[in-house]
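Notes follow the structure.
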Amino acid sequence: MEILDGLDYSSIHRAKQLLEKGGVVAFPTETVYGLGADAFNPYAVAKIFEIKKRPRFDPLIVHIDKMEWVHDLAVDVPPKALRLTERFWPGPLTIIIKKRPIIPDIVTAGLTTVGIRMPAHPVAQELIKTFKRPIAAPSANPFGYISPTRADHVAQMLKDRVEIILDGGKSVFGIESTIVSFLDESAYINRHGAISAEEISEVIGSVYDSKDSGVCESPGSLPYHYSPHRPLKIVNSPLEIATEKSSFLSFKRPTIRVISRYVRTLSEQGDLREAAANFFSYLIELDNKDVDIIYAERVPEKGLGRAIMERLKKASKKHRYTTL
Ligand code: TXA
Ligand code: MG
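When you line the sequence shown up against our numbering, it's residues 29 to 352, in that order.
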């Protein structure tokens, strides 16, 4: 495994050659790091599932660098989807739309729809542009574990299972893209992410939560996910911390003494965007400590806080991922 400077053109060129041979490359995006393969090569895409130990029923997002690809990959794109792409692409928005047969079934887990996203990170864009094809990529973590927001996280999690990691620095958003699907005239949020539900509805009006409406759920939306190795408990206040042999993921600067041995504060002033950006990297850091439990402080469920809480709730469920 090699970590290469993603801003260096020779690294992009090596990554492109590996993709052409049907290999897999870890690369930075503005949300989290991705593990990419040629979206048109089912054998290459199969390697992603093996490396991550990801169940085959969980479809991948196809990453593109220009709008023309949408019409090559999909049909009947709803006007609301187009309006969202105009506003948020390139950026942390994934749209679920009707696929064309050109996309292999393994990418979409046999669904009739495909998830498409145009990332904003310059290294991701350069990689797709140089490769001249869409790249299918999930987050570059073992299935069910915390998502990586830095190249060294990917190195720690996947070790020699990946040949090349392009380093593009720390992911600025730090949590995954917001996934929006469409049914009839309505739009649904399948996964809360780096673009808030409020921002989505400013562009297209009402949006529903796919969980509440019971439709369009993502096959990969399992109740447990993003799980640290240690148990995680959500608390309302550090007063609920029962042992010193713990770490505490605080939302704001604590106003009372915290007994946990390790404490990380997501945002001193309680800014949700800053909290989201630090969320996975602090969780990984606290999970690497020798403690019995991680306590995490509840964050307000508005704006990006909804995305953070969605992940915290899943992380607090009993973890089932397999250790590599
Ligand atoms: O920010 C992101 O979206 C990152 C970066 C790398 O782009 N990618 C990412 O991929 O988070 P992944 O595979 O970890 O999560 C993708 C989610 C899964 O829950 C999957 O079930 C859902 O997207 N998904 C993909 N295609 C879908 C489809 N056709 N219909 C419904 N859900 C889909
Ligand atoms: Mg993921």
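Yeah, the Cβ is synthetic: ideal placement off N, Cα and C, and Gly gets one too.
Coarse secondary structure for Ile287, derived from DSSP in three states: Counted from its first residue, the sequence shown places residue 287 at position 259. Correct three-state label for Ile287: coil.
Start-to-end residues for the alpha helix (DSSP H) that takes in Ala335: To locate residue 335, count along the sequence shown from 1; it is residue 307. Segment 332-343, the alpha helix (DSSP H) holding Ala335.
Simplified DSSP state of Thr306, which is helix, strand or coil: Position 278 of the sequence shown, counted from the start, is the residue given in the question as residue 306. Here residue 306 is Asn; the residue named in the question, Thr, does not match the sequence. Looking at Asn306 - three-state DSSP - the assignment turns out to be helix.
is_contact[Val190, chain C] using C-beta, thresh 7 Å: Protein chains in the displayed structure number just one, and chain C is not present.
Identity of the residues DSSP links to Leu155 by a beta bridge: The residue you call residue 155 lines up with position 127 of the sequence shown. In the DSSP output, where bridge partners are listed per residue, Leu155 has none listed.
Sequence-distant residues of its chain with Cβ nearer than 7 Å to Val319 (five each side left out): The residue given as residue 319 occupies position 291 in the sequence shown. Same-chain partners within the cutoff: Arg258, Lys273, Ser274, Ser275, Arg289, Tyr290.
Per DSSP, cross-strand counterpart(s) of Phe210: The sequence position of residue 210 within the sequence shown is 182, counting from 1. Paired residue(s): Ala215.
Strand pairing of Arg91, partner residues [DSSP]: To locate residue 91, count along the sequence shown from 1; it is residue 63. For clarity, residue 91 is His in the given sequence; the question names Arg instead. According to DSSP, His91 bridges with Arg145, Ile163.
Simplified DSSP assignment, three categories, for Phe276: Counting from one through the sequence shown, the residue named residue 276 turns up at place 248. Here Phe276 sits in strand by DSSP.
Simplified DSSP state of Val190, which is helix, strand or coil: Mapped onto the sequence shown, residue 190 falls at position 162. Looking at Val190 - three-state DSSP - the assignment turns out to be coil, as it is neither helix nor strand.
Check: Ala165 C-beta below 6 Å from any heavy atom of the ligand TXA: Here residue 165 corresponds to residue number 137 of the sequence shown, with the count starting at 1. Ala165: yes, Cβ under 6 Å from the ligand TXA.
Short Cβ contact (7 Å threshold) for Ser202 with Ser255: Position 174 of the sequence shown, counted from the first residue, corresponds to residue 202. Position 227 of the sequence shown, counted from the first residue, corresponds to residue 255. Looking at the sequence itself, residue 202 is Gly, so the reference to Ser does not match. No, the pair does not count as a contact, with Cβ atoms beyond the cut-off.
Separation of Lys127 from Leu352, as counted between CA atoms: Numbered from its first residue, the sequence shown carries residue 352 at position 324. Numbered from its first residue, the sequence shown carries residue 127 at position 99. For Leu352, the predicted structure reports a pLDDT of 43, less than 50, and the residue's modelled location is therefore unreliable. A value from the coordinates is still provided. Spanning the two alpha carbons is a distance of roughly 33 Å.
Inter-residue CB distance, Glu338 and Leu277 (contact presumed, cutoff 8 Å): Counting from 1 along the sequence shown, the entry for residue 338 is found at position 310. Counting from 1 along the sequence shown, the entry for residue 277 is found at position 249. Not quite, the Cβ-Cβ distance comes to about 15 Å (not below 8 Å), so this is no contact.
Pair within 7 Å by beta-carbon distance, Ala102 and Ile193: As a working mapping, residue 102 is identified with position 74 in the sequence shown. As a working mapping, residue 193 is identified with position 165 in the sequence shown. For Ala102 and Ile193, no; Cβs fall outside 7 Å.
In DSSP terms, what Thr293 is bridged to: Here residue 293 refers to the residue found at position 265 of the sequence shown. In DSSP, Thr293 forms a bridge with Ser278.
Leu139 CB to nearest heavy atom of the ligand FMN below 6 Å: The model on display carries the ligand TXA and the ligand MG but not the ligand FMN.
As assigned by DSSP and simplified to three states, the class of Asp133: Residue numbering aside, residue 133 sits at position 105 when the sequence shown is read from its first letter. The answer is helix: DSSP assigns Asp133 an H, G or I state.
Integer Cβ distance of Val73 from Ala164, believed to fall under 8 Å: To locate residue 73, count along the sequence shown from 1; it is residue 45. To locate residue 164, count along the sequence shown from 1; it is residue 136. The pair is a contact, with the Cβ atoms about 5 Å apart (cut-off 8 Å).
Residue range of the alpha helix (DSSP H) that includes Thr113: Start at 1 with the first residue of the sequence shown, and residue 113 comes out as number 85. From DSSP, the alpha helix (DSSP H) with Thr113 extends over 107-116.
Between the CA atoms of Pro176 and Val142 - distance to the nearest angstrom: Taking the first residue of the sequence shown as position 1, residue 142 is located at position 114. Taking the first residue of the sequence shown as position 1, residue 176 is located at position 148. Spanning the two alpha carbons is a distance of roughly 23 Å.
Local conformation of Val263 per DSSP, three classes: Taking the sequence shown and counting its residues from 1, the one referred to as residue 263 is at position 235. Note: Val263 maps to strand in three-state DSSP.
Cβ pair Ala304, Pro162 closer than 7 Å: Taking the sequence shown and counting its residues from 1, the one referred to as residue 304 is at position 276. Taking the sequence shown and counting its residues from 1, the one referred to as residue 162 is at position 134. Cβ distance not < 7 Å, so Ala304 and Pro162 don't count as in contact.
Candidates Pro170, Arg334, Lys80, Glu226: closest to Leu112 by CA position: Mapped onto the sequence shown, residue 112 falls at position 84. Comparing Cα-Cα distances from Leu112 to each of Pro170, Arg334, Lys80, Glu226, the minimum goes to Glu226.
7 Å CB neighbourhood of Leu46 in its chain, flanking five on each side removed: To locate residue 46, count along the sequence shown from 1; it is residue 18. If we look at Leu46 and ignore the five residues flanking it on each side, its Cβ neighbours are Val53, Glu191, Ile192.
Pro87 versus Val286 - alpha carbon distance: Working through the sequence shown from its first residue, we reach residue 87 at position 59. Working through the sequence shown from its first residue, we reach residue 286 at position 258. Their backbone Cα atoms lie some 41 Å apart in a straight line.
Option nearest Phe279 by Cα separation, candidates Thr271, Ile269, Glu302, Leu260: For the purposes of this step, residue 279 is taken as the residue at position 251 of the sequence shown. Closest by alpha carbon: Glu302.
Exposure label - Pro120; buried when at least 16 CB within 10 Å: On the sequence shown, position 92 is the one that residue 120 refers to. Looking at its Cβ environment, which holds 16 or more other Cβ atoms inside 10 Å, Pro120 is buried.
Asp104 (DSSP reduced to helix, strand or coil): Walking along the sequence shown from the start, residue 104 turns up at place 76. Coil, per DSSP.
Assigned secondary structure, Glu329 (DSSP; H/G/I helix, E/B strand, else coil): As a first step, residue 329 must be located in the sequence shown, where it is residue number 301. Coil, per DSSP.
Rounded straight-line distance, which links the Cα of Ser38 to that of Ile269: Along the sequence shown, one-based indexing puts residue 269 at 241. Along the sequence shown, one-based indexing puts residue 38 at 10. The alpha-carbon atoms of Ile269 and Ser38 are separated by roughly 50 Å.
Inter-residue Cα distance where the pair is Lys80 and Ser234: By 1-based counting over the sequence shown, the position of residue 80 is 52. By 1-based counting over the sequence shown, the position of residue 234 is 206. Taking the straight line from one Cα to the other gives about 35 Å.
Start-to-end residues for the alpha helix (DSSP H) that takes in Gly198: The count along the sequence shown starts at 1 and reaches residue 198 at position 170. Checking the sequence shown, residue 198 turns out to be Lys, not Gly. Looking at the DSSP string, Lys198 is not in any alpha helix (DSSP H), and its letter there is neither H nor E.
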